[in-house]
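Novice: Protein chains in written order, with the numbering used here: chain A, 200 to 547; chain B, 304 to 627.
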Amino acid sequence: MAVVEVRDLHKVYDGAQQAALGKINLATEEGEYLVLVGPSGCGKTTLLRTIAGLEQPTAGEVLIGGEVVNGLPPRARQIAMVFQSYALYPHKTVFGNIEFPLKASRIDRPERERKVRWAAELLGLTRLLDRRPRQLSGGERQRVALARALVRDPAVFLLDEPLSNLDAKLRTSARDELKRFQAEIGTTTVYVTHDQTEAMGLGDRIAVLSDGAVRQIGSPSEVYDHPADTFVATFIGSPPMNLVPSGDRLVGFRPEHLLPEEDVPGSDRVTVPFAVDRMENLSGDRHIYGTVTGIGEPTRVIARLPTTVTTPITVGESHAFAVAADRLRFFDTDPDSGRRAEPVRLEA
Amino acid sequence: MAGTLEDDASQDAPPVSVRSSKRITLGDREGALAWLFLLPSVVYIVGLVAIPFFLAIGFAFSDVSAGDPSYDFAGLRNYRRAFADPVFWTSLRNTFVITVITMILVVVLGTILSNILVADFRGKWVVRFLVLLPWTTPVSLSSVTWLWLLDSIYSPIDWVMREVGLLGPDTLFGPTGNMYWLGKPGLATASVIMVQTWRLVPLAAVIIMAGLAAIPDDLDEAARVDGAGFWRRMFEITTPLIMPVVAVATLFAAIFTFTDMAVVYVLTRGGPTNSTQVLASWAYYKGIEGGDIAQGAAIALFLFPILLAAAVAILRSVRKVEVL
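#1: Would the beta-carbon of B/Gly477 be found less than 8 Å away from any heavy atom of the ligand COA?
#2: Helix, strand or coil for B/Phe399, going by three-state DSSP, please let me know.
#3: Check for me: the alpha helix (DSSP H) holding B/Thr500 runs from which residue to which?
#4: For the alpha helix (DSSP H) that B/Phe424 lies in, which residues bound it at each end?
#5: Can you tell me whether A/Ile553 is helix, strand or coil according to DSSP?
#6: Is the stretch 388 to 395 of chain A close to the stretch 358 to 378 of chain A, with three or more CB pairs under 8 Å?
#7: Determine the direct distance from the alpha carbon of B/Trp438 to that of B/Trp501, and round the result to whole angstroms.
#8: Assuming A/Leu345 and A/Leu322 make a contact with CB atoms under 8 Å, what is their CB distance in whole Å?
#9: Out of A/Asp410, A/Ile435 and A/Val413, which has the shortest C-alpha to C-alpha gap to A/Ser420?
#10: I need the DSSP call for A/Lys222, collapsed to helix, strand or coil.
#11: Can a CB atom of chain E be found closer than 9 Å to the CB of B/Asp521?
#12: Is DSSP giving A/Ser372 helix, strand or coil here?
#13: Can you tell which of B/Val463, B/Pro505 and B/Gly489 has its C-alpha closest to the C-alpha of B/Val295?
#14: For A/Pro256 and chain B, any beta-carbon pair shorter than 9 Å?
#15: Any residues in the stretch 610 to 621 of chain B with a beta carbon nearer than 8 Å to a beta carbon of chain A? Which ones, in chain order?
#16: Counting contacts by CB-CB distance shorter than 9 Å, is A/Leu253 in contact with chain B?
#17: Tell me which residues of the stretch 280 to 309 of chain A have at least one Cβ-Cβ distance to chain B shorter than 7 Å, keeping chain order.
#18: Taking Cβ-Cβ distances shorter than 7 Å, what residues in chain B pair up with A/Pro361?
#19: Below 9 Å between beta carbons: does that hold for A/Val355 and A/Gln277?
#20: Beta-carbon of A/Ile384 versus every beta-carbon of chain B: anything under 9 Å?
#21: Checking contacts by CB at 9 Å: is B/Gly532 closer than that to chain A?
#22: B/Lys325 to B/Arg332, Cα distance in whole Å?
#23: Can you name, in chain order, every residue of its own chain whose Cβ lies under 8 Å from the Cβ of B/Ile460, other than the five neighbours on each side?
#24: Is A/Ala427 buried or exposed, if buried means 16 or more other CB atoms sit within 10 Å of its CB?
#25: Which bits of chain B does A/Arg274 rub up against, with CB to CB less than 8 Å?
#26: Any beta carbon of chain B sitting closer than 9 Å to that of A/Arg351?
#27: In its own chain, which residues sit with a C-beta less than 8 Å from the C-beta of B/Met304, not counting the 5 before and 5 after it?
#28: A/Arg347 versus chain B: which residues are under 9 Å apart at the beta carbon?
#29: With the cut-off set at 9 Å, would you say A/Arg414 and A/Glu397 are in Cβ contact?
#30: So what does DSSP say about A/Lys302, is it helix, strand or coil?
#31: Which chain A residues sit within Cβ distance under 8 Å of B/Pro543?
#32: Residue ranges of each alpha helix (DSSP H) run of no fewer than 4 residues wholly in the stretch 459 to 547 of chain A, ordered along the chain?
#33: Locate the alpha helix (DSSP H) running through A/Phe434, then write down its first and last residues.
#34: So does the stretch 365 to 382 of chain B actually touch the stretch 511 to 519 of chain B, counting three or more Cβ pairs closer than 8 Å?
#35: So, is the C-beta of A/Ile416 closer than 9 Å to a C-beta in chain B?
#36: Have a look at B/Gly471 and A/Ala215 and give me their C-alpha separation to the nearest angstrom.
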């Protein structure tokens, strides 16, 4: 049974021209980490808030634990949410913040005390219990918000960009902590982010959203290797997938699959002349910018050469590059769909 | 080739702009600007606050009166006379009773009103406008309106009470056909409190509304997700967070009531038998109407240390509860 499920969920804000959510269908599996990822304004936060009960859907159903919760207020939905800003109560101590949901559900004092200490222990907040939120660092605030969500024993955690307020260095370690924390607790989690790296790193499955619609749901490798359309292909991955128009198709290949010819093993490969015009060295990898010809219209693409590839590349010259045939992806050229298409034989 | 073109362009660039930006204008001298901008308000405050204030201190220790404006130092004589006058003590007590009760009513009603006004409903702007009207009306004018409303014979309030069966023979408020709002000591005090509250609630509501608007939406949402119902959110989240602004509203309400003489002057003239006399009105009667300027100044100055202490106390408590 799905912990959270939405059926034909549709949402139009009052006075808005466009729907924030089209008809969304989505179900989480028990104990999984589902990441909703998409650019800002794609409806991912609206979807999360509708699941939480902070927004009412215009049409469609939200189910939690198999029951339709549409009319229920947030407190009756067995959910816990961590907000982007953490939304800690500034006048309460860390203890008071974590205790608040327990007080609200009228749990008696000794039990409250026990649960707060347990959550604080789990998240390493024990020595901070008397502090107020403004005396905490960003990472500590985030953990307090998690602890506050944890003590509710929710059926599902809803996390709204909980890492976006942290600096880059802290973000990596906090991401790791979040993942280990969820593995330990085992509670189904729906996580919203605009950062595709975060989505790829955290999600058991990721759902890519754009313009209020789910473009693709799948495991990170599925979404990365077999993008459902050109939006997913270019949104996931950094640098994005290269797309070369060729007849009635767009030919797509990841930058790391465009390699000097001698570095592409096997005979089933497509060789392309690659006119290199710029090169960057990024954390060991060589990012090479240039124009490919031969497989379609001349198009500017990026190649990412790992450190292991030592072939000398000269800026300003044309080199013979190749892509293994099984690494090629094909999409419709129709810009409205851009859906995955039947592969075609490329002559090169 | 492109390089040479650019070089030519830079040589041709008019040097005028360089020269004018090198000259130091008044706009660059921030010290001078500071004085220039401050000057009007400094002149204003010195002329209308500082001079009268020190003049009042001077008068309070003198024997200046309307009949004999020559200044002679009189030490604490004015204070001794004031303390010996039972009306002074009545006024002092009335001032505190009226201020404290008004303050409580203003804060409670202002908080409720502000919570209603921040809610989203149809016609919110009309309601906000109507609610603010009492505060935009000059005190003396609105007091005159209240004088009519509380008239001993023609009071519309009495008429309504008679119509609904609260006033008249064999009713809750007695056999007479009128309340005589301003004619009985207790009712007169209540009337003054009612008018003070009526005119200060909008101000308090607007101040508290600003405090409510400053609370991030997601705090309320977090509390809702955490399982808190309306009352718990109100008393555990919203109320503590608006305490600093509530304290400011309290301070305003207290000072405006404490120092106001217009309401008392228009409604009751301190009567009946000084039962609504406050320090401000008593100082006015003594100093301006009675011509004993020194005595009036002494009474008026009596307000100063009390207000100062109240302001300091309230502002300190604000700092203590300020958490955001």
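Think of the CB as a built atom: it goes at the ideal place given N, C-alpha and C, for glycine as much as any other residue. Here the structure is a predicted model, which is why all the values come from computation and not from measurement.
Specialist: Judging by the given coordinates:
#1: Inclusion of the ligand COA in the displayed structure is not the case, the ligand content being empty and no account of it being possible.
#2: helix
#3: Pro488 to Ala517
#4: Unbroken run through B/Phe424: none, as it is neither H nor E.
#5: This structure does not reach residue 553 of chain A, given that chain A is present from 200 up to 547, and the question cannot be answered.
#6: yes
#7: 8 Å
#8: 6 Å
#9: A/Ile435
#10: strand
#11: Looking for chain E here will not work: the only protein chains present are A and B.
#12: helix
#13: This structure cannot speak to residue 295 of chain B, because chain B is shown only from 304 to 627.
#14: no
#15: none
#16: yes
#17: Met280, Phe282, Ser284, Ala286, Tyr288, Pro289, His290, Phe299, Pro300, Ala303 and Ser304
#18: In chain order: nothing, as chain B lies at least about 13 Å away.
#19: yes
#20: no
#21: yes
#22: 13 Å
#23: Leu452, Leu453, Met482 and Trp484
#24: buried
#25: Arg527, Val528, Asp529, Gly530, Ala531 and Gly532
#26: yes
#27: Summary for B/Met304: the model assigns pLDDT 39, below 50, so the residue's position carries little reliability, and this model does not support an answer.
#28: Ala525 and Asp529
#29: no
#30: helix
#31: His290
#32: none
#33: Thr429 to Phe434
#34: no
#35: no
#36: 59 Å
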